[in-house]
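For the sequence shown, position 147 matches number 1406 in this note's numbering, and the numbering has no gaps at all. Ideal Cβ positions, reconstructed from N, Cα and C, are used throughout, including at glycine.
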Amino acid sequence: MLTVRRQATILDADAIAEVQVISWKRAYAGIVPQPYLDGMRVQHQQSEWKRVISNLAAHVMIAVHEESVCGFIAFGQARDAELRPYAGEIYALYVEPVSWRSSVGKSLFEDACGLLREEDYTELALWVLRTNVRATSFYEAQGMARDGAEKSLEFSGTPLIEQRFKRSLI
């Protein structure tokens, strides 16, 4: 599958929001409570993505196939204070379900690693829901490993545990 990857612009926010909602509803079914997934709306995500894209401290890249956004990645400096200033973080990486296993996600991941290296980050971190086997397997295949850090998030009143993964960028 031939895709073009590029930096996102404000004009891409609607398509990014659509990919996020579609992929969340498919990837997190049976993991995140269904009422939370049912309540997700593209319109709610659009303004958030416009804000993120406008934030000069974060990068948002998209993958485009046949003129449609089929995936995106958001990344920048690690949010966890103990990892700064040497670690970058992937905040979000989502690919529309029809493009899963097509190398779109891997290509976006590699692009992010390259840009973070250029910005002199030596480590990469990200957070994954403990029960998200698909994402865990993907990130392990990219050389990421659990570092033991965990935090709890709540979705529709249900607590879920996220695990932090890290790897070297050098």
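Please name the residue or residues paired with Ile1332 in a DSSP beta bridge.
DSSP lists Met1320 and Leu1352 as partners of Ile1332.
Where do the N-terminal and C-terminal ends of the beta strand (DSSP E) with Ser1427 fall, by residue?
Note, Ser1427: beta strand (DSSP E), Thr1417 to Ser1427.
Strictly by DSSP, which residues pair up with Asp1327?
According to the sequence provided, residue 1327 is Ser. The question's Asp does not apply to it. According to DSSP, Ser1327 bridges with His1324.
Does the ligand GTP have a heavy atom nearer than 7 Å to the CB of Ser1327?
What this structure holds is no ligand at all, so the ligand GTP is not there to describe.
Can you check whether the C-beta of Ala1316 is within less than 8 Å of a C-beta belonging to chain B?
Annotation note: the requested chain B is absent from the structure, which comprises a single protein chain.
Report the CB separation of Gln1422 from Val1392 in whole angstroms; it is logged as a contact under 8 Å.
Wrong, their Cβ atoms sit about 12 Å apart, outside the cutoff.
Out of Ala1337, Trp1359 and Leu1374, which has the shortest C-alpha to C-alpha gap to Lys1425?
The shortest C-alpha separation from Lys1425 is found at Ala1337.
Would you call Asp1379 buried or exposed, if buried means 16 or more other Cβ atoms sit within 10 Å of its Cβ?
Its Cβ having fewer than 16 others within 10 Å, Asp1379 is exposed.
If I follow the unbroken beta strand (DSSP E) through Asp1406, where does it start and stop?
Ala1404 to Phe1414 is the span of the beta strand (DSSP E), which, as asked, contains Asp1406.
Consult DSSP for Glu1382 and reduce its assignment to one of helix, strand or coil.
Here Glu1382 sits in strand by DSSP.
Per DSSP, which residues does Gly1347 bridge with? Please list them.
DSSP, once it has assigned bridges, lists Gln1336 and Leu1383 as partnering Gly1347.
Report the partner residues of Val1291 according to the DSSP bridge assignment.
In DSSP, Val1291 forms a bridge with Ala1288.
When you compare the segment 1314-1326 with the segment 1262-1270, are there three or more beta-carbon pairs, one atom per stretch, that lie closer than 8 Å?
The answer is yes - the segment 1262-1270 touches the segment 1314-1326, with three or more Cβ pairs under 8 Å.
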